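Chemist: Residue numbering for the sequence shown is 1 to 209, as defined by full-length UniProt numbering.
All C-beta atoms, glycine included, are put in the ideal place defined by N, C-alpha and C.
None of these values were measured; they are calculated from a predicted model.
I have a structure I would like to understand better, so I am pasting it below and will then ask my questions one at a time.
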Amino acid sequence: MRANWRTYTIRWALVIMAGCCVLLALWSHRSAKQKMAVSSLGRHLIVYDYQKAMFQSDLLGSHEPGAPKFMIDLLGVDWFQTVCWATVVQPTSNELSELQNLFGLQQLTLESRNPDIYMRIGEISTLRELSLLGSEYDSPRITHDLSFLKKFRRLESLELRGIDVLSFSPITGSGSLRQLDLINCTYSKSQLDDLATQTPNLDIKEIFK
1 MRANWRTYTI
11 RWALVIMAGC
21 CVLLALWSHR
31 SAKQKMAVSS
41 LGRHLIVYDY
51 QKAMFQSDLL
61 GSHEPGAPKF
71 MIDLLGVDWF
81 QTVCWATVVQ
91 PTSNELSELQ
101 NLFGLQQLTL
111 ESRNPDIYMR
121 IGEISTLREL
131 SLLGSEYDSP
141 RITHDLSFLK
151 KFRRLESLEL
161 RGIDVLSFSP
171 ITGSGSLRQL
181 DLINCTYSKS
191 QLDDLATQTP
201 NLDIKEIFK
């Protein structure tokens, strides 16, 4: 009986060890992909979790990675922290692909005059805040139907700046969206009224400069 108990104990211990090894391997692979993505996006603004408070002028927030320095030096900051915020300006196709490797990305500001670029960010399912900066004063302006927004299930805040909006239907009735800022945009007033009616919890702000 004792022999059987020991056998089962050893087997379970081996199973647990194997599971831990798999989890460590997955985490290592994930952190390595994030590190490569951050390197590829070096010309843009990339913010880790621990840096966000600093950029938001929160003097009481933590500005340190939250791990011992020797561990950071040994494994790298990407092992302990995730990128939560990125601002990219006129990104290339390769840079857009790398954004998908920022697995914890929640806030994205994208400035581009190429409407096709917008369709590519629909694959970033973790986004909660999105700002799209088109062309406010220069020609040609960006015209888009916002169809890519249908893919976002967690989006809570959306800012559109300098965009000619063809339709609000992709976000009409959204259960997650709480804030919509329209800055120097053009759109159909009737469509905006329909959006407000069908999405009663949405706070819409119109700003014209």
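1) Under three-state DSSP, which class holds Ser131?
2) Would you tell me roughly how many angstroms separate the C-alpha atoms of Asp181 and Met71, rounded to the nearest one?
3) Could you name the residues that DSSP lists as bridge partners for His144?
4) Is Arg11 buried or exposed, if buried means 16 or more other CB atoms sit within 10 Å of its CB?
5) Indicate the three-state DSSP secondary structure (helix, strand or coil) for Leu195 in the structure shown.
6) When you compare only the Cα positions, how much space is there between Leu41 and Glu98?
7) For the structure I just gave you, are there three or more beta carbon pairs, one from the segment 11-21 and one from the segment 73-80, closer than 8 Å?
8) Is the beta carbon of Arg153 closer than 8 Å to that of Ser131?
Modeler: Taking the coordinates as given:
1) Translated into positions along the sequence shown, residue 131 becomes position 131. Three-state DSSP puts Ser131 in a strand.
2) Position 181 of the sequence shown holds residue 181. Position 71 of the sequence shown holds residue 71. Straight-line Cα distance between these residues: approximately 42 Å.
3) By one-based count along the sequence shown, residue 144 stands at place 144. Answer is Val165, bridged to His144.
4) Within the sequence shown, numbered from 1, the residue matching residue 11 stands at position 11. Classification of Arg11: exposed, given that the 10 Å Cβ count is below 16.
5) Here residue 195 is taken as the residue at index 195 of the sequence shown, counted from 1. In this structure, Leu195 counts as helix in the three-state DSSP scheme.
6) One-based indexing of the sequence shown puts residue 41 at position 41. One-based indexing of the sequence shown puts residue 98 at position 98. Straight through space, the alpha carbons of Glu98 and Leu41 are spaced by roughly 8 Å.
7) No: the two stretches stay apart, fewer than three of their Cβ pairs being nearer than 8 Å.
8) Within the sequence shown, residue 131 is the residue found at index 131, counting from 1. Within the sequence shown, residue 153 is the residue found at index 153, counting from 1. In this structure, the beta-carbon distance from Ser131 to Arg153 does not fall below 8 Å.
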